[in-house]
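In the numbering used here, the protein residues as written are 20 to 627.
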């Protein structure tokens, strides 16, 4: 992306613990290191992200996180000289930096009680304004909800610098949208009240806001809202709802770029601000694309593209001609022509059709003897789309199958698909995953003694629930950083934010449903469970490791079979973000070794 005279990108040579951030002056400039996180700690556990440029592009705010924690510290650097300023903003979570005048807006929590930094219940997520060169103690409190301490508050400044747009959310689902006129001052104005829907600010043309919303449109639409006359009957529809999910809308170069999801694969279209002149961006294939957007005056934009067999590639998009050319291609020893990726549709327990991606070597025999890695998530409106993984090559090279279904609870097919897998509908997600396994067996891809299931976070819950409901169906299970105790999850760190998705055991109406599938509470004594490698990390303050500790102890005590039940605890690591490459390599080596050993799969290795 561009900021002022400079272009920024990140790059990893494959062995660096953290990706290095580079910048160059102009498209033809010589790349220079801007920030190298690998020099910040010997263990490679410091991760750094750029979170916001000042409006004159002179300064950039960046976040520094240690050991995989969600906690970060915001610092500031002068771009041209790479000189770091003295500003240090602590106890930041889930925040960018929205610049205004000589400072920026950001979100943080109060300092936690000593010793409770990684497990205490986080409350009073608040928005502050920090003026450059001042101490954090002097920051101005902009917004806090003292009546509802579990609320999240975050936002950003419009491209023209006039408005600060804020979102207030009780959790990870719907949110209210507010704005504050920075030109005239005054209080926040509630534009979209309540938490039943999701309405995101995209761009403004004066007092007219372009809003990406699911109001009366579960597949989303783009509307123009005059903030002086915001009633729904006054909205102007710019991009109507369609059969495909309108996943998001960006702006750049004077155009709108609409990102659709069609059967869990990306499509991009360029449009004028009034919705006319729609033109499809020609992607190199069927897969996942992202990042197409920029500033109003940009003449060149960038986007990424990948698929299961197409390594990540950065494309340069010429706004004037509408053409794309490769800008950076990943180099590695992998021939996509040796493999096939396909999408199938199978029937779940209640008759619902569910899509699934499958990847394997060409001419692989459908004899039921192929080691298969079935990966899922199914929650929080998150979409699983095709993506390349270098670590997955070892599975495919050794005759393995990778399968990824688009379970209910995800966002692939809009808000109705999401709601069909949340709260009291959560069992649908597990039924979809179990049906995917049964499909793979019935079609000859694999068999129960060759099948592994995997997922992380909410996907760890998925694996835990399915292996306790159908322990006979799987040979191997990989529940990673999973939510395993559904009766107490909301008592730790940011767990309260998941109540809109799961419900709460404190609510008598939710309790029976949560108990019915909570992995920890559904382990049965004397049952033979799959070979299981539970993974967690000591600095995971998103899903605290106590979930995995308790699940491992209970499973080891109840398990009657001979298959191993192990727990792998990463140190100086968290929920996944910022994990050093060295730790990732170690974990992947353990994962594939565990799978091959417990599915009795012979493995060939590359010498050297």
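No residue lacks a Cβ here, since even glycine has one placed at the ideal position from N, Cα and C.
Since the structure is predicted, the reported quantities are computational estimates derived from the model, not experimental observations.
Between residue 175 and residue 150, is the Cβ-Cβ spacing less than 9 Å? no
In the segment 206–239, which residue ranges form an unbroken beta strand (DSSP E) of at least 3 residues, counting only runs that do not cross its ends? Segments of the beta strand (DSSP E) lying fully in the segment 206–239: 208–211, 218–224, 227–232.
What distance in whole Å lies between the Cβ atoms of residue 173 and residue 113, which are believed to be in contact at a cut-off of 8 Å? 6 Å
With 16 other CB atoms within 10 Å as the buried threshold, where does residue 91 fall? With 16 or more other Cβ atoms within 10 Å, it is buried.
Member of 136, 33, 187 whose CA lies at the smallest distance from the CA of residue 516: 187
As assigned by DSSP and simplified to three states, the class of residue 533: helix
Pairwise C-alpha distance: residue 619 and residue 458: 22 Å
Leaving out five residues on either side along the sequence, give the residues of the same chain with a beta carbon under 8 Å from the beta carbon of residue 488. 449, 453, 536, 541
Label residue 653 either buried or exposed according to how many other C-beta atoms from any shown protein chain fall within 10 Å of its C-beta, with 16 as the threshold for buried. With the chain covering only 20 through 627, there is no way to say anything about residue 653.
Here's the rule I'm using: 16 or more other beta-carbon atoms within 10 Å means buried, otherwise exposed. How should residue 632 be labelled? The structure shown has nothing for residue 632, since the chain only spans 20 to 627.
Please list, in chain order, all residues of the same chain as residue 76 whose beta carbon is under 7 Å from its beta carbon, the five residues on each side excluded. 22, 23, 98
Is it buried or exposed, residue 167, if we count other Cβ atoms within 10 angstroms and call 16 or more buried? exposed
Per DSSP, what are the beta-bridge partners of residue 379 in this structure? 359
So the alpha helix (DSSP H) residue 610 belongs to, where does it begin and stop? 600–617
Spatial distance of residue 227 from residue 548 (CA atoms): 58 Å
Hey, how far is the Cα of residue 135 from the Cα of residue 388? 48 Å
From the DSSP output, read off the bridge partner residues of residue 173. 186
Note the first and the last residue of the continuous beta strand (DSSP E) segment covering residue 290. It spans 284–290 - the beta strand (DSSP E) in which residue 290 sits, taken as one unbroken run.
How is residue 163 classed by DSSP in three states: helix, strand or coil? Secondary structure at residue 163: coil, using DSSP grouped into helix, strand and coil.
Would the beta-carbon of residue 533 fall within 9 Å of that of residue 552? no
CA-CA distance, residue 573 and residue 476? 19 Å
Kindly indicate the opening and closing residues of the beta strand (DSSP E) around residue 318. Here residue 318 belongs to no beta strand (DSSP E), and DSSP marks it neither H nor E.
Report, in whole angstroms, the separation of the C-beta atoms of residue 234 and residue 216, which I expect to be a contact under 8 Å. 5 Å
Entirely enclosed alpha helix (DSSP H) segments - the segment 470–533, minimum 4 residues: 477–488, 518–521
I'd like to confirm the pairing. Which residues does DSSP put opposite residue 68 in its beta bridges? 82
Just to confirm the assignment, what range does the alpha helix (DSSP H) spanning residue 458 have? 445–461
Contacting residues, own chain, Cβ-Cβ under 8 Å from residue 561 (five flanking each side not counted): Around residue 561: 89, 476, 500, 512, 513, 593, 594.
Only counting the same chain, and skipping five residues up and downstream in sequence, which positions put a Cβ closer than 7 Å to that of residue 132? 139
Exposed or buried, which one is residue 275 when buried takes at least 16 other CB atoms within 10 Å? buried
Beta-carbon spacing of residue 46, residue 319 below 9 Å: yes
Going by C-alpha to C-alpha distance, which of 161, 396, 564, 79 sits closest to residue 422? 396
Could you give the distance in angstroms between the alpha-carbon of residue 610 and the alpha-carbon of residue 471? 11 Å
Per DSSP, what kind of secondary structure is residue 570 in: helix, strand or coil? helix
Contacting residues, own chain, Cβ-Cβ under 6 Å from residue 627 (five flanking each side not counted): Confidence in residue 627 is poor, its pLDDT being 49 and thus under 50, which makes the residue's placement too unreliable to answer from.
Which two residues bound the contiguous beta strand (DSSP E) that contains residue 202? That residue, residue 202, is in no beta strand (DSSP E); it is neither H nor E in DSSP.
Here's the rule: buried if 16 or more other CB atoms are within 10 angstroms of the residue's CB, otherwise exposed. What is residue 579? exposed
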